[in-house]
Structure formats: C-alpha cells, structure tokens
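Asks:
Residue numbers (the working numbering): 907 to 1086.
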C-alpha cells in the first residue's frame, strides 16, 4: 500500500487472525480527541483519518482562507473520501482512528454501521470536558494556525453545545480528561 493524503502506509496484520477495530472519537472541539489519537492510538498501530486535517491541507485555515459558512460544503467530499479509505483499511485488516467530532447521534450510527459492514468492530470513545476547561483550551488553540486549531469563540462554543448530542446508551466508552 502506498503513501497518500492519509499518511504513511499502515502496518497490516493478517486479516485472517485480526478483526480490525475502528475507534470513533466523539467530542466537542478542544476535547482532546486528536491528542488522544496521536498519543495513545497511533503508537499502537492504528491509522488516524482526520477530516479537519484534510480540509486544511486542501483549502487552508477555517475562517481565514475561506469563509466559515463554507466549511460544511468543503468538508462533505472529504468525509466521503475518508469513508472510502476507512473501508479500504478495515478490509486490509488495519485498525483505524476516525478523528472527527461525530456530534450527532445519527452520524455516529451511520459510521458504526459502515464499520460493521466493512468487517470491523467499532469502539465509540467519548471525550467529555467541562465547559470552563474547553474555553481555556480553545483560548490557547485560537493562537495557533494549524489544521487542528479552528478559531472558536465563546459564543461559537455555546452554539456547539446546543448542536451536540451527548452519547447515551450507544455503547460509548468515556475517556476522562487528563487520563492520557
């Protein structure tokens, strides 16, 4: 398997002896999903697929290189490509991390179904973080310019909370802040 937009070719266990796991990360912006993925899951051999990083690589910085209202328009084809790549990786027996917020229950259900149909098993990892801590983290992130530093104001965070479906009874596992 060659390198591509998603990074280096993964280590591929023999699919006959390994059911690949797809880690579906759930949490608001700044909750620690990417940090957990890069510190814990990638070193164990999982391939991380990040929608935000691919959007950033193609279109630049949110709210700077394109207007904020265009994000979902630009994100849609990237999500489709990530879905295809996830299916390929699972078919090859590779563990995967989906580094995408998965704010809505219906989206989580679609991804779980995709993973199961591709022959993998899913783990839904939820990253709850108190609002005050998220605001602190976002203040720090707002000073950066990388793909994982979308500028988020306190008002935007309030909006995010309104749109976020907290996982409940979905088979979720909670990853506590500061546990990694």
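For each residue, glycine too, the CB sits at the ideal point set by N, CA and C. Values in this document were obtained by computation on a predicted structure and should not be read as measured data.
Got a sec, what are the start and stop residues for the alpha helix (DSSP H) residue 1082 sits in?
Replies: No alpha helix (DSSP H) holds residue 1082; DSSP gives it neither H nor E.
Asks: Please identify the residue among 1016, 1028, 1044, 983 whose C-alpha is closest to the C-alpha of residue 1062.
Replies: Ranking 1016, 1028, 1044, 983 by Cα distance to residue 1062 puts 1044 first.
Asks: Count the other C-beta atoms from every protein chain shown that fall within 10 angstroms of the C-beta of residue 956, then say buried if there are 16 or more, exposed otherwise.
Replies: With 16 or more other Cβ atoms within 10 Å, it is buried.
Asks: Secondary structure at residue 970, three-state DSSP: helix, strand or coil?
Replies: Of the three classes helix, strand and coil, the one that applies to residue 970 here is coil, per DSSP.
Asks: If I follow the unbroken beta strand (DSSP E) through residue 929, where does it start and stop?
Replies: 927-932 is the extent of the beta strand (DSSP E) around residue 929.
Asks: Alpha carbon to alpha carbon, how far is residue 933 from residue 977? Give it in angstroms, no decimals.
Replies: About 18 angstroms.
Asks: Would you check if the stretch 989-1008 and the stretch 943-961 touch, i.e. whether three or more CB-CB distances between them fall below 8 angstroms?
Replies: Output reads yes: the stretch 989-1008 touches the stretch 943-961.
Asks: Between the C-alpha atoms of residue 930 and residue 1078, what's the straight-line distance to the nearest angstrom?
Replies: If you take the alpha carbons of residue 930 and residue 1078, they lie about 9 angstroms apart.
Asks: Can you tell me whether DSSP reads residue 1028 as helix, strand or coil?
Replies: Strand at residue 1028.
Asks: Could you please give the first and the last residue of the uninterrupted beta strand (DSSP E) stretch that includes residue 1004?
Replies: 1002-1005 is the extent of the beta strand (DSSP E) around residue 1004.
Asks: State the CB to CB distance for the pair residue 1081 and residue 1033, rounded to an integer number of angstroms; the pair is presumed to be in contact (CB under 8 angstroms).
Replies: Right, their Cβ atoms sit about 5 angstroms apart.
Asks: If we count the other Cβ atoms within 10 Å of its Cβ and call it buried at 16 or more, is residue 907 buried or exposed?
Replies: Only weak support exists for where residue 907 lies, its pLDDT of 43 falling under 50; the value from the coordinates is given anyway. So residue 907 ends up on the exposed side.
Asks: At the level of alpha carbons, what is the spacing between residue 944 and residue 1041?
Replies: Near 22 angstroms, if we compare the C-alpha coordinates of residue 1041 and residue 944.
Asks: Report the three-state DSSP secondary structure of residue 1035 (helix, strand or coil).
Replies: Three-state DSSP puts residue 1035 in coil, outside helix and strand.
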